[in-house]
Amino acid sequence: MKAAALFSGIGGFCLGFERQGIKTQWALELNQHAVETYRANVSTPRIIQKDIREVSVAGDDLEPVDVLHAGFPCTNGW
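Take 1 as the starting number for the sequence shown in the numbering used here and just add one per residue.
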C-alpha cells in the first residue's frame, strides 16, 4: 500500500505508517526546519517543500497513492 502526506511536519504520521508497512511515496511540507527533521527521520523518496495552495497533481508530477493523510497545519507564521 502506498501513501502520501499533506502538512507532513517532522514526519510523525509518516513514521507510524511506515512502521505498519505503508510506504509514504511523497510528502508535502512548507517549513524548512520541519523538512530537514523529516528527512532525518523518515525514508520517504520525495518531500516537496511548497505551499499547498501552489501544488497541482500534474504540475508537481504526484504519484497516485492508496492513502492520503494530513497533519494539522501550523498557523503561527511558520
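Positions of the beta carbon are idealized from the N, C-alpha and C atoms, including for glycine.
All of these numbers come straight from a predicted model, not from anything done at the bench.
Beta-bridge partners of residue i, as assigned by DSSP
i: H69; result: A5
Pairwise C-alpha distance: residue j and residue i
i: R46; j: W26; result: 5 Å
i: N31; j: C74; result: 9 Å
Limits of the unbroken beta strand (DSSP E) element including residue i
i: A58; result: Careful: A58 lies outside any beta strand (DSSP E) and carries neither H nor E.
i: L15; result: No beta strand (DSSP E) contains L15, which is instead part of the alpha helix (DSSP H) from G12 to R19.
i: T24; result: K23 to L28
i: I52; result: Counting along the chain, I52 falls outside any beta strand (DSSP E), and DSSP gives it neither H nor E.
Beta-carbon proximity check, residue i vs residue j, cutoff 8 Å
i: L28; j: I10; result: no
i: F17; j: F72; result: no
Boundaries of the alpha helix (DSSP H) in which residue i is found, first to last residue
i: T37; result: Q32 to N41
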